[in-house]
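A.B. asks:
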Amino acid sequence: MISLKSTKHKKCRLTVIASSVGEINCDVFHSKIKLIICSAAIIFSIVLSMSAFLVQQENLAYLLLVNVFLLFHAWCRQANLAPLIKLFFIQSLVTVGLYALLYGGERLFEAIIVVTRIILVMLPSWWLACTQSSHQISQVLGLLLPTKWAFVVTTSIKVLPFIGQEVRDIYHIQCLRGARITPKELINPINWYELVQCVLFPLLIQLLSLSKHIAHSANQRHFDKSSKHTHWPFN
Amino acid sequence: MMLLALHQVELQQGNSTYLYQNLNLQINAGECHCISGVTGCGKTTLLQLMAMPNQFNYQGEITHSDELIIGIIMQDPHVQLIRETIGAEVAFGLENLLVRPIDMLPLVEQALTKVGLVLPLNTPVDHLSLGQKYRLMLAAQLVFEPNLILIDEPWAQLDNQGITDLCKVLLDLLNTGVGVVIVEHNTYPFTQLINYQWQLISGTLIPANKEISSSEDFIENISRHSVSQHDIDKIPLTMTHPVKQGALSLGGRPCVLSMSGLTIQFANQNPLLHINNNVTMHSGDIVGLFGENGCGKTNLFNRIVGVSAGYKGQISLLGKTPKLGIFGANLGFLMQRPSRQLFEMTVQQELEFSLKRFGLPLSNATDILTQLNLMPLALHSPHKLSYGQQHLVAFASVLCINPKVLLLDDPFAGLDDNYFPLVIKALKHFSENGGAVIFSSHRHILSSLISKCWLIERQQLTEHCVLNGTS
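Put into structure tokens, the structure is as follows:
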């Protein structure tokens, strides 16, 4: 039924856009080029992330340089660096703080190396998510993984900014409700539980609900009808 | 031709109570059914049950015809969107139906044109307003040409233009034999579409009286008039006039909010909103902030309460420049989709959280729950309530701290005729005791309640006094 109706519409529209068929082919060609670039970007980011664990300490600076370039590239593509920098700052503070607490000042350099490696593992994935569309990543992953897995991975990447916004909104609303979670109040570890209770817990509920709704939305749009899928070519 | 039928359907909620009992419904091609019912009676679940019966453990019989293709648009379009651009979003269904890439473009364009969303196909979904996302979701369903469309509470999400466009689309679909089921509290805008109107009462569908509008062109009717949920509120904006500086008699009431020379603008984008003149709110005022989907109402609220920077000009709330956390119990803010703030185990505890933090009497919680007729839900988990009930609990949780200023972002979404008057009464009571309220809506409502309205048109906010207001 669907294919019959679709054919009918196709005939209607193709007469109207006949003059732009060349343009469509051009767009499809560009889309294929972008797909190749996306494949290369995925491989590059995986290699870079793995290198963060594998390279020796003396070569870490080279890796850091490459990652700085990625940051610059993402910034040129209008990515918002502020949340990432904030995350890295908190990560550094917690890790270095814990090392200082457990081992004193003598192993601080080791703590800095650990933090650097963690940052270098995360940064290429962030760069990939910022510079490539989740749809293209899905297309590439679909060649290697079962379609459902590719969908799960790319949808997870796609919802990251949404999750970030949800965290901000929930945090703000709970601050306004009087929760003791302002940066000043969080210096006191007793208030950390409040952060978990009134920000992370509702976030978890939202994420569970979101995953259920996205799964329903995908299935209702025939995602589970076939193991193979075609792809929208105009990214 | 029968598309879908429910025969003697029963669905248990929890261990004891039944959400549906002996529920029967048959939907044929070209029919429009409208289902109404009180908040939390199971309307949304019924749509989900119709669309995805295998997700539920029900008794009875649900029959889908062999040709049945269902399109469903739920209350919150945010959680249904999968792709990053509008073209890819609409094409998602086509990808799954193995339509050739080269054939997708005309189908996608056609679906977007049908719902009046004529934007570049690579427009990021994130850049769309809530109403535009709702239309996008509709296009994403229409593209695979369903013969039954299920729609959950469009009135709450769409502005008048959106409702007009939706009615046009649905009318065309009905004429081509597509079946439509609308779940809606406010059936008035859809009167001419509806063939069968039902009330969901005690788990059973009961035929309801349908009021036929005398107007021949109902679509034009919707766009011309400001329709609200209450008869008393069907007062269009022609009953208002722009406020001149100092024109209102304030009776010595202190100014709680003033804004002047304000421009809200995101980096590398055109200004979203300007306020050229000085606009003010005094204690006891109830201000309606009206504007279409995406005009910047939520962004303005975020600046007033101090959760977002990114503006030029001056905002003074309770004599201070807004900053997160400095107003304490003097400020109450209800965000859109307020279910996000719920985290406690019971509704009662949810209300008591802020009272404990601000050192206020816990009895306020019981008072507000009684006032809003929510006492039966006091010991329920807020996470198991319906969308409308959660909205109400969140509203109660900001009201119970009795702030000096209350900001409500789209507070009437999902409220039925039972709860709506209670919320209005609570707001009136709050304002009579000196509290100031701003509420936003994408249509002009409650003209009989508000003392003035702030209207956003063409990126400009202007202040209007309401002639029959209570001030």
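As given, the protein sequences belong to chains A and B, one line each in that order. Under the UniProt record's numbering, think of the first position of the first sequence as 1, with each following residue one higher. Under the UniProt record's numbering, think of the first position of the second sequence as 1, with each following residue one higher. All residues carry an ideal CB built from backbone N, CA and C; glycine is no exception.
1) Could you give the distance in angstroms between the alpha-carbon of residue 136(A) and the alpha-carbon of residue 270(B)?
2) Drop a sphere of 10 angstroms on the beta-carbon of residue 104(B), count the other beta-carbons inside from all chains shown, and report buried for 16 or more, exposed for fewer.
3) With 16 other CB atoms within 10 Å as the buried threshold, where does residue 226(A) fall?
4) Since residue 5(B) is in the beta strand (DSSP E), which residue starts that stretch and which ends it?
5) Look at residue 149(B) and residue 177(B) and say whether their C-beta atoms are less than 9 Å apart.
6) Can you have a look at residue 147(B) and say buried or exposed, based on whether 16 or more other CB atoms are within 10 angstroms of its CB?
7) Evaluate residue 127(A) with the Cβ neighbour count: other Cβ atoms within 10 Å of its Cβ, from every protein chain shown; 16 or more gives buried, anything less gives exposed.
8) Let me know if residue 67(A) comes out buried or exposed under the rule of 16 or more other beta-carbons within 10 Å of its beta-carbon.
9) Tell me the rounded alpha-carbon separation between residue 147(A) and residue 165(A).
10) Taking only the alpha-carbon atoms, compute the straight-line gap between residue 437(B) and residue 416(B) and give it to the nearest angstrom.
11) So residue 495(B) is in the beta strand (DSSP E); what residue range does that whole segment cover?
12) Check each candidate in 298(B), 37(B), 119(B) and 259(B) and name the one with the smallest Cα separation from residue 440(B).
13) Starting from residue 274(B), trace the beta strand (DSSP E) in both directions and tell me its first and last residue.
14) Rounded to the nearest angstrom, how far is the Cβ of residue 116(A) from that of residue 48(A), given a contact under 8 Å?
15) To the nearest angstrom, how far is the alpha carbon of residue 403(B) from that of residue 286(B)?
16) Would you say residue 52(B) reaches chain A, if we count a Cβ-Cβ gap shorter than 9 Å as a contact?
17) Can you give me the Cβ contacts of residue 280(B) inside the same chain, cut-off strictly under 6 Å, excluding the 5 residues immediately before and after it?
18) What three-state label does DSSP hand residue 103(B) in the structure shown?
19) Looking at C-alpha atoms only, which residue of 198(B), 301(B), 185(B) and 62(B) is the closest neighbour of residue 5(B)?
20) Along chain B, in chain order, which residues have C-beta atoms closer than 7 Å to that of residue 248(A)?
21) Among the residues of its own chain, which have a CB less than 8 Å from the CB of residue 73(A), if the five just before and after it don't count?
22) Starting from residue 369(B), trace the alpha helix (DSSP H) in both directions and tell me its first and last residue.
23) Using DSSP with H/G/I as helix, E/B as strand and the rest coil, what is residue 84(B)?
24) Any chance the stretch 377-397 of chain B sits against the stretch 326-345 of chain B, with 3 or more Cβ pairs inside 8 Å?
25) If I follow the unbroken beta strand (DSSP E) through residue 288(B), where does it start and stop?
26) Could you give the C-beta distance for residue 111(B) and residue 90(B), rounded to a whole number, given that I count them as a contact under 8 Å?
27) Shorter than 9 Å from the beta carbon of residue 13(B) to some beta carbon of chain A?
28) Note down, in chain order, each residue of its chain lying with its Cβ closer than 8 Å to the Cβ of residue 358(B), except the 5 sequence neighbours on either side.
29) Do the CB positions of residue 170(B) and residue 205(B) come within less than 9 Å of each other?
30) Is residue 44(A) a contact residue of the ligand ADP, with contact defined as CB to any heavy atom under 8 Å?
31) One question on the structure: do residue 331(B) and residue 405(B) come within less than 9 Å of each other, judged by their Cβ atoms?
32) Is there a Cβ from chain A that is less than 9 Å from the Cβ of residue 338(B)?
33) Please tell me whether residue 213(A) and residue 101(B) are closer than 9 Å, where the distance is taken between their beta carbons.
34) For residue 277(B), which residues of its own chain have a beta-carbon under 8 Å away from its beta-carbon, when the five flanking residues on both sides are left out?
35) Would you please verify whether the beta carbon of residue 41(A) is less than 9 Å from any beta carbon of chain B?
36) Please classify residue 50(B): is it buried, with 16 or more other beta-carbons within 10 angstroms of its beta-carbon, or exposed?
C.D. replies: According to the structure shown:
1) 29 Å
2) buried
3) exposed
4) Note, residue 5(B): beta strand (DSSP E), 2-13.
5) no
6) buried
7) With 16 or more other Cβ atoms from the protein chains shown falling within 10 Å of its own Cβ, residue 127(A) counts as buried.
8) By the neighbour-count rule (16 or more Cβ atoms within 10 Å), residue 67(A) is buried.
9) Rounded to whole angstroms, the gap between the alpha carbons of residue 147(A) and residue 165(A) is 28 Å.
10) 21 Å
11) Outside the displayed range of chain B (1 to 471) lies residue 495(B), so it cannot be described from this structure.
12) Distance from the Cα of residue 440(B) is smallest, within the candidate group 298(B), 37(B), 119(B) and 259(B), for 298(B).
13) 273-275
14) Contact doesn't hold; Cβ gap of about 13 Å is too wide.
15) 14 Å
16) yes
17) Around residue 280(B): 255 and 258.
18) helix
19) The candidate whose alpha carbon is nearest that of residue 5(B) is 62(B).
20) As shown, chain A starts at 1 and ends at 235. That puts residue 248(A) outside it, with no answer to give.
21) So the list reads 127 and 131, once near-sequence residues are dropped.
22) 363-371
23) coil
24) yes
25) 286-290
26) Yes, they are in contact, since the Cβ atoms of residue 111(B) and residue 90(B) sit about 5 Å apart, within 8 Å.
27) no
28) 328, 329 and 401
29) no
30) This structure does not include the ligand ADP; it has no bound ligands of any sort.
31) yes
32) yes
33) Their beta carbons are not under 9 Å apart, which means residue 213(A) does not touch residue 101(B) by this criterion.
34) Closer than 8 Å at the Cβ level, and outside the excluded window around residue 277(B), lie 245, 260, 462 and 463.
35) no
36) buried
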